[in-house]
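Just remember that our numbering sits 18 ahead of the position in the sequence shown, which is counted from 1.
Ideal Cβ placement from N, Cα and C applies to all residues, glycine included.
Worksheet: one structure, shown below.
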Amino acid sequence: MKAKITALVGAMLLVSAGLAADDNPLIGKWKHKGKQIGTVTEVVSKDGKTLTRTQKGANPQGQPIDNVQVLDKQ
């Protein structure tokens, strides 16, 4: 199942596609003034205890964004 959800975050727009309860990975796109400036990928581990979020792209000022977050379920 595919869906389009948008949310305004400061001056950037987050557009996510492919949202469903069982989608893994979830891939989203950052847009600013209609231009894609980055991606967000979220992957849940097979045991459901870890979420890894990778963010790549540039902020509205053109500075690079390259983040990896690892979240553990407590």
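| query | result |
| --- | --- |
| Per DSSP, what kind of secondary structure is K51 in: helix, strand or coil? | coil |
| Could you check if G66 is buried or exposed, using at least 16 other CB atoms within 10 Å of its CB as the buried criterion? | exposed |
| Using three-state DSSP, classify N77 as helix, strand or coil. | coil |
| Quick check: L89 and T68, are their CB atoms within less than 8 Å of each other? | yes |
| By Cβ distance, which residues of its chain are closer than 7 Å to L26, with the 5 residues on each side in sequence left out? | Confidence at L26 is low in this model, with a pLDDT of 49, below 50, so its placement is unreliable and no value can be given for it. |
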